[in-house]
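Protein chains in written order, with this note's numbering: chain A, 104 to 413; chain B, 104 to 413; chain C, 104 to 413.
Here a beta-carbon is modelled for each residue, glycine too, at the ideal position from N, C-alpha and C.
Below you'll find the structure, written out as structure tokens, and then a few comments.
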Amino acid sequence: MSFEEDVAKAHALLQAQAEAEKQDQAQIADPELASAVAQALVEVRKQNPLVASITNAVTMDFVANAQLAIGGSAAMVYIGEEGQALTDIGSALYINMGTLLPLHEEAIPAAARVAHETNTPWVLDPVGIGIGGMRGRILLDLAACKPTIIRGNASEIIALASLWAVPMTTGALEHSKRGLVRGVDSTDQVDDAIAAACALARFTGGAVMVSGKLDAVCDATRVVRVFGGSALMSKVTGFGCSLGGVAAVFAGVADPFVAAVAASCAYKKAGTRAATRSSGPGTFKAAFLDSLYSLDSSEIAERITSIDNV
Amino acid sequence: MSFEEDVAKAHALLQAQAEAEKQDQAQIADPELASAVAQALVEVRKQNPLVASITNAVTMDFVANAQLAIGGSAAMVYIGEEGQALTDIGSALYINMGTLLPLHEEAIPAAARVAHETNTPWVLDPVGIGIGGMRGRILLDLAACKPTIIRGNASEIIALASLWAVPMTTGALEHSKRGLVRGVDSTDQVDDAIAAACALARFTGGAVMVSGKLDAVCDATRVVRVFGGSALMSKVTGFGCSLGGVAAVFAGVADPFVAAVAASCAYKKAGTRAATRSSGPGTFKAAFLDSLYSLDSSEIAERITSIDNV
Amino acid sequence: MSFEEDVAKAHALLQAQAEAEKQDQAQIADPELASAVAQALVEVRKQNPLVASITNAVTMDFVANAQLAIGGSAAMVYIGEEGQALTDIGSALYINMGTLLPLHEEAIPAAARVAHETNTPWVLDPVGIGIGGMRGRILLDLAACKPTIIRGNASEIIALASLWAVPMTTGALEHSKRGLVRGVDSTDQVDDAIAAACALARFTGGAVMVSGKLDAVCDATRVVRVFGGSALMSKVTGFGCSLGGVAAVFAGVADPFVAAVAASCAYKKAGTRAATRSSGPGTFKAAFLDSLYSLDSSEIAERITSIDNV
Numbered sequence: 104m105s106f107e108e109d110v111a112k113a114h115a116l117l118q119a120q121a122e123a124e125k126q127d128q129a130q131i132a133d134p135e136l137a138s139a140v141a142q143a144l145v146e147v148r149k150q151n152p153l154v155a156s157i158t159n160a161v162t163m164d165f166v167a168n169a170q171l172a173i174g175g176s177a178a179m180v181y182i183g184e185e186g187q188a189l190t191d192i193g194s195a196l197y198i199n200m201g202t203l204l205p206l207h208e209e210a211i212p213a214a215a216r217v218a219h220e221t222n223t224p225w226v227l228d229p230v231g232i233g234i235g236g237m238r239g240r241i242l243l244d245l246a247a248c249k250p251t252i253i254r255g256n257a258s259e260i261i262a263l264a265s266l267w268a269v270p271m272t273t274g275a276l277e278h279s280k281r282g283l284v285r286g287v288d289s290t291d292q293v294d295d296a297i298a299a300a301c302a303l304a305r306f307t308g309g310a311v312m313v314s315g316k317l318d319a320v321c322d323a324t325r326v327v328r329v330f331g332g333s334a335l336m337s338k339v340t341g342f343g344c345s346l347g348g349v350a351a352v353f354a355g356v357a358d359p360f361v362a363a364v365a366a367s368c369a370y371k372k373a374g375t376r377a378a379t380r381s382s383g384p385g386t387f388k389a390a391f392l393d394s395l396y397s398l399d400s401s402e403i404a405e406r407i408t409s410i411d412n413v
Numbered sequence: 104m105s106f107e108e109d110v111a112k113a114h115a116l117l118q119a120q121a122e123a124e125k126q127d128q129a130q131i132a133d134p135e136l137a138s139a140v141a142q143a144l145v146e147v148r149k150q151n152p153l154v155a156s157i158t159n160a161v162t163m164d165f166v167a168n169a170q171l172a173i174g175g176s177a178a179m180v181y182i183g184e185e186g187q188a189l190t191d192i193g194s195a196l197y198i199n200m201g202t203l204l205p206l207h208e209e210a211i212p213a214a215a216r217v218a219h220e221t222n223t224p225w226v227l228d229p230v231g232i233g234i235g236g237m238r239g240r241i242l243l244d245l246a247a248c249k250p251t252i253i254r255g256n257a258s259e260i261i262a263l264a265s266l267w268a269v270p271m272t273t274g275a276l277e278h279s280k281r282g283l284v285r286g287v288d289s290t291d292q293v294d295d296a297i298a299a300a301c302a303l304a305r306f307t308g309g310a311v312m313v314s315g316k317l318d319a320v321c322d323a324t325r326v327v328r329v330f331g332g333s334a335l336m337s338k339v340t341g342f343g344c345s346l347g348g349v350a351a352v353f354a355g356v357a358d359p360f361v362a363a364v365a366a367s368c369a370y371k372k373a374g375t376r377a378a379t380r381s382s383g384p385g386t387f388k389a390a391f392l393d394s395l396y397s398l399d400s401s402e403i404a405e406r407i408t409s410i411d412n413v
Numbered sequence: 104m105s106f107e108e109d110v111a112k113a114h115a116l117l118q119a120q121a122e123a124e125k126q127d128q129a130q131i132a133d134p135e136l137a138s139a140v141a142q143a144l145v146e147v148r149k150q151n152p153l154v155a156s157i158t159n160a161v162t163m164d165f166v167a168n169a170q171l172a173i174g175g176s177a178a179m180v181y182i183g184e185e186g187q188a189l190t191d192i193g194s195a196l197y198i199n200m201g202t203l204l205p206l207h208e209e210a211i212p213a214a215a216r217v218a219h220e221t222n223t224p225w226v227l228d229p230v231g232i233g234i235g236g237m238r239g240r241i242l243l244d245l246a247a248c249k250p251t252i253i254r255g256n257a258s259e260i261i262a263l264a265s266l267w268a269v270p271m272t273t274g275a276l277e278h279s280k281r282g283l284v285r286g287v288d289s290t291d292q293v294d295d296a297i298a299a300a301c302a303l304a305r306f307t308g309g310a311v312m313v314s315g316k317l318d319a320v321c322d323a324t325r326v327v328r329v330f331g332g333s334a335l336m337s338k339v340t341g342f343g344c345s346l347g348g349v350a351a352v353f354a355g356v357a358d359p360f361v362a363a364v365a366a367s368c369a370y371k372k373a374g375t376r377a378a379t380r381s382s383g384p385g386t387f388k389a390a391f392l393d394s395l396y397s398l399d400s401s402e403i404a405e406r407i408t409s410i411d412n413v
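Following this line, the structure appears as structure tokens:
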């Protein structure tokens with residue numbers, strides 16, 4: 104298929120999404136969860152939770168702007184003592200493994216330990232898992248601090264479950280032998296990562312988000328799928344990172360599962376809307392931040408398409 | 104107040120600002136200052152001053168783009184020897200304390216010393232003051248290099264006056280016991296920081312900018328207040344940082360007080376205009392850079408709303 | 104000339120460019136090269152080449168977004184072992200010398216050596232050449248790894264030819280005594296750097312890109328000139344960096360000369376189009392990424408204005 108056909112297809116998709124948005128009057132599968140998700144957004148805007156972030160240099164700006172747009176306050180640091188100090192005063196901590204420096208080998212586990220010891224919710228984004236040796240050592244270290252929320256693409260979630268050797272069924276184990284990350288891209292499908300995600304959630308006692316065309320959010324017993332968004336979200340760097348950063352904002356005001364579902368719903372809703380107001384990845388990113396800022400709290404839970412027990 | 108009401112209020116505010124912009128035919132309090140401010144922008148565009156920056160990783164891109172949009176040239180470095188070399192050839196230096204690395208403990212004071220010794224104007228943004236110990240040590244070190252312009256929010260300015268123990272009246276001292284920074288946010292009002300700002304200005308012999316709804320710019324004897332801008336400026340990361348970076352561009356062609364007032368006027372004017380051309384924080388940032396680029400030099404001094412002696 | 108006249112001139116220029124775009128039905132000087140350039144874009148979009156980047160902190164986000172918009176996959180790292188690991192699995196490597204950290208003295212040459220040893224194409228952007236001593240030492244080290252493509256402005260290309268002491272004619276040598284970089288800006292014209300560029304290309308066996316109003320792309324025997332773009336490209340940070348990053352994406356699927364010409368054509372075409380859809384540097388950057396994303400592979404070679412033998 105030529106790129107021109109690809110673009111034509113993308114435009115057709117955008118139009119379909121615009122119509123889908125109008126018709127999204129689907130039944131909400133779980134009114135209690137829907138209500139908690141709406142309430143989480145109301146609380147974020149009321150409380151303006153401060154999130155401390157140790158995050159990668161490529162997307163720092165986008166992460167901070169997404170955290171501000173949704174209603175939080177953002178502060179990024181590198182140094183160990185500063186990460187610990189900020190975590191101590193913040194409502195939540197966000198750790199993203201993107202562009203590591205040598206100092207991160209000490210700073211990241213130190214901040215995570217403060218979060219764990221003070222019961223401050225924290226979100227881990229294991230982006231880049233598999234590149235180099237230091238990254239693996241840090242991630243192994245972090246298992247003991249049990250992240251409140253883990254967010255990754257399918258390959259990253261499978262690779263993390265495998266690295267941490269969380270108990271899985273044989274079928275799940277087979278899938279987890281894949282988890283081949285290609286740079287920062289997934290080579291696996293979201294559905295292939297559900298077993299690994301649930302196993303991670305049972306291990307941490309928190310929530311796990313698998314990002315993809317349909318997002319999946321798992322805890323120990325449930326999988327929620329969230330639809331919408333736009334193909335352009337994979338054509339702009341940082342949509343995954345900033346989703347993790349926004350999940351940390353929500354985790355400052357809501358329980359891990361609700362926070363993760365709320366963040367995913369907000370992203371899918373804002374992405375769907377932004378696609379109708381942009382003509383490519385550059386204008387899409389700006390329109391996305393606009394949409395995130397002006398989301399109606401009552402509308403984001405519409406993005407939940409199914410809830411299953413596992 | 105719900106977020107929806109908040110958004111409605113924000114829209115009402117934007118509309119009011121748009122009208123305010125049309126009606127801004129106010130008397131200029133000080134024609135000489137107004138003329139110097141206009142001239143400063145003309146000179147920036149004529150001379151294209153090169154500013155060396157040691158600045159934080161979150162907003163580097165925004166700082167550089169704002170410096171280019173106003174008419175300057177931008178170069179960012181980390182390493183001590185490079186900061187010194189660039190300061191030596193540049194028209195001004197900008198130092199922002201945002202996301203410190205261990206190397207900054209040596210690099211920042213070294214560049215500031217070169218600026219001080221070569222009479223190169225330099226701007227200090229003490230963002231994050233209060234987080235961790237290294238930040239405080241560097242800031243203490245910088246007092247001796249007497250920054251030409253200091254820019255911060257109210258809490259940061261109060262905290263810096265307190266850290267440097269600049270002489271203040273009892274009333275001012277009382278205020279200065281506050282200065283509680285929350286991450287990178289202010290918990291104080293601009294008016295509460297005027298005494299601290301003037302005390303800092305007497306100490307450095309330069310100018311001090313306090314950013315807020317109304318900006319205040321002080322030197323040893325005067326306070327100018329500058330109005331306009333948009334509530335969206337606090338919903339995008341880097342408006343404070345890039346204002347400091349733009350003040351450094353102006354400091355390359357004008358005296359400290361005029362440079363600080365000109366930067367503040369340019370930001371308030373461009374912010375007011377951008378608010379009428381955007382639908383949220385994403386499009387606002389792009390519209391702001393457009394507005395900064397196309398400012399008319401004769402119009403920015405309109406933003407001065409009062410000049411008081413202290 | 105006042106800034107207001109400058110803006111009026113810029114607008115007139117934008118209008119002229121819009122008309123130029125309509126009228127660009129010029130004869131293509133070399134149908135074979137034009138066809139190879141078009142094919143390179145088709146292949147990028149088909150193969151989605153992964154590029155490993157060690158690049159500066161100011162423009163990382165823009166580099167990654169440009170690489171994604173053109174059809175590649177982007178991954179940025181700092182640490183030596185990670186740069187080597189990513190280079191090993193990637194289709195190409197991009198090295199930009201912008202904001203150096205001490206670790207780069209080891210990390211950059213190590214990644215370049217892996218690229219050289221594994222015949223992975225790699226692109227060097229010697230931005231900031233001349234600032235500090237470490238930068239010069241790293242650049243000297245890189246000569247032995249013979250970059251597949253070098254991209255810089257005229258002053259940077261002249262300075263690199265001089266630093267590497269590549270053999271040049273007397274006339275060229277005279278020019279190369281200039282190469283005075285001012286921060287990150289060129290003080291020389293593209294035409295003044297052609298001899299240095301060709302000398303570098305003879306030394307590396309690859310291609311050299313000189314960016315300016317007209318881009319020049321050289322190999323050992325040819326100079327291609329590429330026209331278009333917009334004056335706004337010099338008012339936004341990172342257009343040079345991201346052009347190098349996009350050249351690396353093309354180098355993952357095409358030979359060095361074709362890759363360099365294709366990247367330059369894509370930038371000039373997208374820049375021309377974006378100028379007609381923007382009102383200043385902020386909206387221009389977004390419109391540029393949109394345009395890069397939706398380029399028609401058959402139209403970019405139109406930007407070639409001449410091919411000369413040297």
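C-alpha distance - residue i paired with residue j, whole-angstrom precision
| i | j | result |
| --- | --- | --- |
| residue 197 (chain B) | residue 253 (chain B) | 10 Å |
| residue 245 (chain A) | residue 261 (chain B) | 38 Å |
| residue 176 (chain A) | residue 203 (chain C) | 30 Å |
| residue 396 (chain C) | residue 353 (chain B) | 37 Å |
| residue 178 (chain C) | residue 329 (chain B) | 43 Å |
| residue 147 (chain C) | residue 358 (chain A) | 43 Å |
| residue 230 (chain A) | residue 296 (chain A) | 15 Å |
| residue 285 (chain A) | residue 259 (chain C) | 34 Å |
| residue 423 (chain B) | residue 372 (chain B) | Examination of residue 423 (chain B) is not possible in this model, given that chain B is present from 104 through 413 alone. |
Neighbourhood of residue i by C-beta distance below 8 Å, restricted to the same chain and skipping five residues each side
| i | result |
| --- | --- |
| residue 126 (chain C) | Residue confidence is low: residue 126 (chain C) scores 49 on pLDDT, short of 50, so the model does not pin down where it sits. Its coordinate-derived value is still stated next. None. |
Secondary structure of residue i, DSSP reduced to three states
| i | result |
| --- | --- |
| residue 197 (chain B) | strand |
| residue 290 (chain A) | coil |
| residue 241 (chain C) | helix |
| residue 203 (chain B) | coil |
7 Å Cβ shell around residue i - same chain, five flanking residues per side excluded
| i | result |
| --- | --- |
| residue 250 (chain C) | 225, 226, 227, 307, 309 |
| residue 412 (chain B) | 324, 325 |
| residue 374 (chain C) | 331, 332, 333, 336, 391 |
Bridge-paired residues (DSSP) for residue i
| i | result |
| --- | --- |
| residue 312 (chain A) | A:254, A:320 |
| residue 225 (chain B) | B:196 |
| residue 325 (chain C) | C:412 |
| residue 176 (chain B) | B:153 |
| residue 380 (chain A) | None; residue 380 (chain A) has no bridge partner. |
| residue 407 (chain A) | A:329 |
| residue 285 (chain A) | A:288 |
Close beta carbons around residue i, own chain, < 6 Å, minus the five adjacent residues each side
| i | result |
| --- | --- |
| residue 218 (chain B) | 190, 196, 225 |
| residue 255 (chain A) | 229 |
| residue 153 (chain A) | 176, 193, 194 |
| residue 165 (chain B) | 341, 345 |
| residue 377 (chain C) | 387, 390, 391, 394 |
Unbroken stretches of the alpha helix (DSSP H), 4 residues or longer, contained in the region 148-173 of chain B: For the alpha helix (DSSP H) assignment, the uninterrupted runs of no fewer than 4 residues enclosed by the region 148-173 of chain B are, from N- to C-terminal side, 163-173.
Contained beta strand (DSSP E) runs [length at least 3] in the region 344-376 of chain B, N- to C-terminal order: List check, beta strand (DSSP E) in window: nothing returned.
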